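Enquirer:
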Amino acid sequence: MSDKIFQSPRFYGGHYDSVKQGYVRDALNNDPNKAAPWQPQLIERYTARLRLDILFAGSVIITDAQFYDGAIFHELMAEENARKDFLNFLRVTAGQQSPLIEVRRRAKGLGAIVFKPFKFSSVASNKVSREIREAMQKAKDAGVTETFTSVKQAFQEYANYADNNNTKIAIEELAERLLYLDNIPAGIFREWDSARNIVDGFKLAKAEYKFLSKDKKDFEIPRWGNREVDEVLEKVDVELQKDFPNRSEIERLVRDAKVNNPAHADWLNSLYGAINQIFNRAFAYQHVCNC
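Numbering (this note's numbering), first residue to last: 6 to 296.
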């Protein structure tokens, strides 16, 4: 496939993926040699990368899920001085004809994420993230989500369905950060690009990376030769065959495979990295970006 399909002055980076941001946060948080809190390290690392991407690419495209559920963006909103600096930067660039950062937002905006149960990678604790999702699911089962008219109302209802006060507080803190993010200068938000179909993006990206079977006709992940690992790869393969694969499900399958087969963790990490590249290329195609 010709690289011209992806040529653009704009940049789409997989390192802004919300799951990847969560991985970086967890790595910093769990580093046994860390001499400082992880929050400022995460902010420093990602703001430096953002400046570098803008310097080389001219502008950066971020999807609404990466923005609303990104650990770096939540930490920027949680710390007052960092929040002020970032919002001032956004105000300046929002006034330009082509902002240095564009957030591609779907028609329902933040509601597309929070009006239904959602796994928040931006929440540092897996336990708390699960409890928040359970509260959201309880609200949905009770039919409450059908009445939502605002994001603020949604989180008020979710807090009512929390199992304990700690979860309620976590929901309130999450809501505060998300509402900060939703109220950035309007010029930063751009409509989700509907001119290109994400399904076509996945077809092109999978063809480019050529995980192909021996007859070179079908998309297929090469098998490892270990029965347990290959059973997982079969499930991953089935998910990737879909028009719009579920990356969270693939991540879960690979994560569980690493736990059960630690000797193959490096290979599985490499595989997941390659799969992420497929997703990056698909979204870059849809938003007419380099990646």
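C-beta: ideal position from N, C-alpha, C; glycine also. These figures come from a predicted structure and were not determined experimentally.
1. Residues in the same chain with beta-carbon distance under 6 Å from Ala140, minus the five sequence neighbours each way, listed in chain order, please.
2. With a CB to CB cut of under 8 Å and the five nearest residues on each side skipped, what residues in its chain are close to Arg138?
3. How would you label Asp8, buried or exposed, when you count the other beta carbons within 10 angstroms and need 16 or more for buried?
4. Roughly how many angstroms lie between the CA atoms of Arg111 and Glu196, to the nearest whole one?
5. Within 10 angstroms of its Cβ, does Phe120 collect 16 or more other Cβ (buried), or is it exposed?
6. Does Val108 pass the burial test, meaning 16 or more other C-beta atoms within 10 Å, or should it be called exposed?
7. If I measure Cβ to Cβ from Ser23 and keep anything under 7 Å in the same chain, skipping five residues before and after, which residues do I get?
8. CA-CA distance, Pro45 and Met82?
9. Where do the N-terminal and C-terminal ends of the beta strand (DSSP E) with Thr152 fall, by residue?
10. For Asp220 and Lys211, I'd like the C-alpha separation in whole angstroms.
11. Please go through the same chain and pick out, in chain order, the residues whose beta-carbon is closer than 8 Å to the beta-carbon of Phe249, but skip the five residues on each side of it.
12. On the DSSP bridge list, what partners appear for Arg195?
13. Go to Asn251, then tell me how far its alpha helix (DSSP H) extends in each direction, as first and last residue.
14. Report the CB separation of Leu57 from Val29 in whole angstroms; it is logged as a contact under 8 Å.
15. For Tyr290 and Ala279, what's the separation of their Cα atoms in angstroms?
16. When the Cα atoms are used, what is the spatial distance from Lys263 to Gly192?
Expert: The answer reads as follows:
1. Tyr163, Tyr166 and Ala167
2. Pro122, Phe123, Lys124 and Phe125
3. Legend: pLDDT at Asp8 = 45, less than 50; position of this residue unreliable, value from coordinates given subsequently. Asp8 is exposed by the Cβ-count criterion.
4. 6 Å
5. buried
6. buried
7. Ala70, Gln71, Asp74, Gly75, Ser126 and Ser127
8. 12 Å
9. Premise fails: Thr152 is in no beta strand (DSSP E) and is neither H nor E.
10. Low confidence applies to Asp220: its pLDDT is 46, below 50, so where it sits in the model is not reliable enough to give any reading.
11. Ile203, Val204 and Phe207
12. Arg109
13. Element bounds for Asn251: n/a, residue is neither H nor E.
14. Actually they are not in contact, since the Cβ atoms of Leu57 and Val29 sit about 15 Å apart, beyond 8 Å.
15. 17 Å
16. 43 Å
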